[in-house]
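S.K.:
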Amino acid sequence: MTAPPPPRFPTPTRLTPFTQFTGPQYFLLAGSFLIPLGSFAVLPFMSVLLHERLGMELGTVGVVLAVASFVQFSGGVVGAALAERVGLRRTMLLALVIRTAGFAAFLPGLSRPTWAVVALFLVSVGAALYLPANKAYLVTGVTEDRRAPLLSASSSALNAGIALGPIAAAPFVLTASAGLFTAVTVLFALITAGHAALPGAPTETDPQPTSATNPQPTPETDPQPPQQANPQPPQQAPLKADRRRPDATPPSRLLPFAITVLSVYVFMFFQHYLALYAVGRTSTYFYGLVLALYALLLVVTQPLLSDWIALLPYPRALRIGFTALAAGMAALALGHPAAILGGALLICVGEIVLFLKNDLEALSRSDRSPAVVFGRQRLAAGIGAFASGIAGGEGYAWADRADNVGLFWLAVAAQCALLPPLLLRALRGSRR
Numbered sequence: 012m013t014a015p016p017p018p019r020f021p022t023p024t025r026l027t028p029f030t031q032f033t034g035p036q037y038f039l040l041a042g043s044f045l046i047p048l049g050s051f052a053v054l055p056f057m058s059v060l061l062h063e064r065l066g067m068e069l070g071t072v073g074v075v076l077a078v079a080s081f082v083q084f085s086g087g088v089v090g091a092a093l094a095e096r097v098g099l100r101r102t103m104l105l106a107l108v109i110r111t112a113g114f115a116a117f118l119p120g121l122s123r124p125t126w127a128v129v130a131l132f133l134v135s136v137g138a139a140l141y142l143p144a145n146k147a148y149l150v151t152g153v154t155e156d157r158r159a160p161l162l163s164a165s166s167s168a169l170n171a172g173i174a175l176g177p178i179a180a181a182p183f184v185l186t187a188s189a190g191l192f193t194a195v196t197v198l199f200a201l202i203t204a205g206h207a208a209l210p211g212a213p214t215e216t217d218p219q220p221t222s223a224t225n226p227q228p229t230p231e232t233d234p235q236p237p238q239q240a241n242p243q244p245p246q247q248a249p250l251k252a253d254r255r256r257p258d259a260t261p262p263s264r265l266l267p268f269a270i271t272v273l274s275v276y277v278f279m280f281f282q283h284y285l286a287l288y289a290v291g292r293t294s295t296y297f298y299g300l301v302l303a304l305y306a307l308l309l310v311v312t313q314p315l316l317s318d319w320i321a322l323l324p325y326p327r328a329l330r331i332g333f334t335a336l337a338a339g340m341a342a343l344a345l346g347h348p349a350a351i352l353g354g355a356l357l358i359c360v361g362e363i364v365l366f367l368k369n370d371l372e373a374l375s376r377s378d379r380s381p382a383v384v385f386g387r388q389r390l391a392a393g394i395g396a397f398a399s400g401i402a403g404g405e406g407y408a409w410a411d412r413a414d415n416v417g418l419f420w421l422a423v424a425a426q427c428a429l430l431p432p433l434l435l436r437a438l439r440g441s442r443r
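Each residue of the sequence shown is one higher than the last, beginning at 12 in the numbering used here.
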């Protein structure tokens, strides 16, 4: 009598981690696409609404948008503290209620500037409260090797929504504004109702449930083998404890925060001024093509590379990321359409590596809850974006007056190459 053949398990592939999420995780990933889709159907057109439709001065418009952006980023610290106090699901619900009310307030804001400004700030406050709780809900209670696929999938969904939102709204934003704001308000009301049905987030010590699509035990969820009679003490535990002890090398735990400030600072020069630079040298259609290819590369590539990025040593990830940013900024300085496209795609590679690795490293180095970690990362991004806005405006204006805007991009490339080693040296000095 022959023995039955051993059970066959599917061969893991690069996409396997993305088929093993839980139902709530899939729902939040869908929300990570729909929320920016609705938001960016409206927010990119705020300057047009405030200036051309409501008659607000451009200087005032700039101040309103800058303050709203800073609230959206830096308010993540408040969102993290609220999540620790009342829970992740309740924080997300409160944030979505505030954001839904903000989009509803845009309806009277179509004819009243005060209502429009109030609506914009409500939307910004809602985003500040929601994002840290959302990311924390995704990664709380999961094993460390599952964090990179979850965060990369969330980032890809968010960037897909950001890319498609303005395209979907463009035909309606000026001709049917009331209908557009009504549709976005209804969308957010439905998303809020869906969040109300979510279960409470697991704690850090809860076992990770198997998903409906992966009922078989996996290496991450298999029970540990029985202990031997004379077990040897684990060698890595003391190192992990030392790494997270409050008095153990604070600059080491500060490093991901500082690198995030620097990453967003240099990246936002590209984000703010590429349109102004590229449209005048090519066309709006070519600029749209650049944005579409950029979004496609970001959405598809980051999840596929998430495991590789997670395993990269942090110093090597920084070298790869900042080198790609520096090369991309230098390519933009050439001004040729092919150089603009190539530079943008190189910058996308830098974003893929740096932004995901910074979040993963911040989580691994901190003993605080994921909500607090992501709140601090949002604050770091806000500081970087604010500094970039101040420096970039004057720098671009100077290069434009000199009739050589390529110098602006060369200066940014030089900062991508020189600032990271200077920052690392300063942190090592403070550690000593």
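Heads up, the beta-carbon is just placed ideally off N, CA and C, and yes, glycines get one too.
These figures come from a predicted structure and were not determined experimentally.
#1: Would you mind reading off the limits of the alpha helix (DSSP H) that contains E63?
#2: Below 8 Å on the Cβ atoms is my contact criterion, and I expect T102 with L140 to pass it. Report the Cβ-Cβ distance as a whole number of Å.
#3: Please decide whether L99 counts as near chain B, where near means a Cβ-Cβ distance under 7 Å.
#4: Counting beta carbon pairs with one atom in the stretch 403-416 and one in the stretch 86-100, are three or more of them shorter than 8 Å?
#5: Pick helix, strand or coil for A206, following the three-state DSSP scheme.
#6: Within its chain, find whatever has a CB closer than 8 Å to the CB of L434; leave out the 5 residues flanking it on each side and keep chain order.
#7: Check each candidate in A344, A171, R436, L60 and name the one with the smallest Cα separation from V416.
#8: Given N170, which residues of its chain have a CB within under 7 Å of its CB, disregarding the five upstream and five downstream residues?
#9: Extract the residue ranges of the alpha helix (DSSP H) inside the stretch 62-128, only unbroken runs of 4 or more that lie entirely within it.
#10: What is the DSSP secondary structure of P245, reduced to helix, strand or coil?
#11: Can you tell me whether R387 is buried or exposed, with buried defined as 16 or more other CB within 10 angstroms of its CB?
#12: Are the CB atoms of R292 and G353 nearer to each other than 7 Å?
#13: Does the stretch 172-180 come within contact of the stretch 42-55, defined as at least 3 CB pairs closer than 8 Å?
#14: So which of V136, V82, F38, F51 has the shortest CA-CA distance to A204?
#15: Helix, strand or coil, according to DSSP, for L39 in the structure here?
#16: Which whole-angstrom value describes the C-beta separation of F281 and I358, a residue pair presumed to lie in contact below a C-beta threshold of 8 Å?
#17: If you run the structure through DSSP and keep just helix, strand and coil, what is R4?
#18: Which residue marks the beginning of the alpha helix (DSSP H) containing G361, and which one marks its end?
#19: Taking R327 as the reference, which of Q313, V364, S294 has the closest Cα?
#20: Quick check on this structure: which residue in G339, F419, R64 has the alpha carbon closest to the alpha carbon of S188?
#21: The alpha helix (DSSP H) spanning N170 covers which residue range?
#22: At the level of alpha carbons, what is the spacing between T334 and R389?
#23: Specify whether the stretch 69-83 and the stretch 127-147 touch according to this definition: at least 3 beta carbon pairs, one from each stretch, less than 8 Å apart.
#24: Taking just the CA atoms, how far does S380 sit from E215?
#25: Expressed to the nearest angstrom, what Euclidean distance is found between the alpha-carbon atoms of T154 and F385?
#26: Do P210 and A373 come within 7 Å of each other at the CB atom, strictly closer than that value?
#27: Are the beta-carbon atoms of P143 and G90 separated by less than 7 Å?
#28: Just verifying my parser: in three-state terms, what is the DSSP assignment at T193?
#29: Look at A159 and S317 and say whether their C-beta atoms are less than 7 Å apart.
#30: For E405, is the classification buried or exposed, using 16 other Cβ atoms within 10 angstroms of its Cβ as the cut-off for buried?
#31: Where does L345 fall in DSSP's three states?
#32: When we look at the beta-carbon of D378 and count the other beta-carbons within 10 Å, is it buried (16 or more) or exposed?
#33: Note down the Cα distance separating H206 from P348, rounded to an integer number of angstroms.
#34: Between Q235 and the rest of its own chain, which residues show a CB-CB distance below 6 Å, the 5 nearest in sequence each way excluded?
#35: Alpha carbon to alpha carbon, how far is G403 from A424? Give it in angstroms, no decimals.
#36: Is the beta carbon of V59 less than 7 Å from the beta carbon of F114?
M.R.: Walking through what the data contain:
#1: Run containing E63: none; DSSP gives neither H nor E here.
#2: 6 Å
#3: In the displayed structure, chain B is absent; only one protein chain is listed.
#4: Contact fails: fewer than three Cβ-Cβ distances are below 8 Å.
#5: The displayed chain sequence assigns His, not Ala, to residue 206. DSSP places H206 in helix when its eight states are reduced to three.
#6: A269, I270, L273.
#7: A344
#8: Result list for N170: A306, L309, V310, in chain order.
#9: Entirely contained in the stretch 62-128, the alpha helix (DSSP H) runs reaching 4 residues are, in chain order, 69-85, 87-97, 99-120.
#10: Interpretation of P245 is limited by its pLDDT of 44, a score under 50 that renders its predicted location unreliable; the figure taken from the coordinates is listed afterwards. DSSP places P245 in coil when its eight states are reduced to three.
#11: buried
#12: No; because the gap between Cβ atoms is not below 7 Å, this pair is not in contact.
#13: yes
#14: Taking only the C-alpha atoms, the option nearest A204 is F38.
#15: If DSSP states are grouped into helix, strand and coil, L39 belongs with the helices.
#16: With 8 Å as the limit, F281 and I358 qualify as a contact, their Cβ atoms being about 5 Å apart.
#17: Residue coverage of the chain in this structure runs from 12 to 443, which leaves residue 4 outside it and unanswerable.
#18: 348-376
#19: V364
#20: R64
#21: 155-180
#22: Those two C-alpha atoms are separated by around 23 Å.
#23: Yes, the stretch 69-83 is in contact with the stretch 127-147.
#24: Confidence is the limiting factor: at E215 the pLDDT is only 43, short of 50, which leaves the residue's position unreliable and the question unanswerable from this model.
#25: The alpha-carbon atoms of T154 and F385 are separated by roughly 17 Å.
#26: no
#27: yes
#28: The answer is helix: DSSP assigns T193 an H, G or I state.
#29: yes
#30: exposed
#31: coil
#32: exposed
#33: Straight through space, the alpha carbons of P348 and H206 are spaced by roughly 44 Å.
#34: For Q235, the pLDDT reaches just 42, beneath the cut-off of 50, and the residue's location in the model is therefore unreliable, although a value from the coordinates is still provided. No residues qualify anywhere along the chain.
#35: Rounded to whole angstroms, A424 to G403 spans 13 Å at the Cα level.
#36: no
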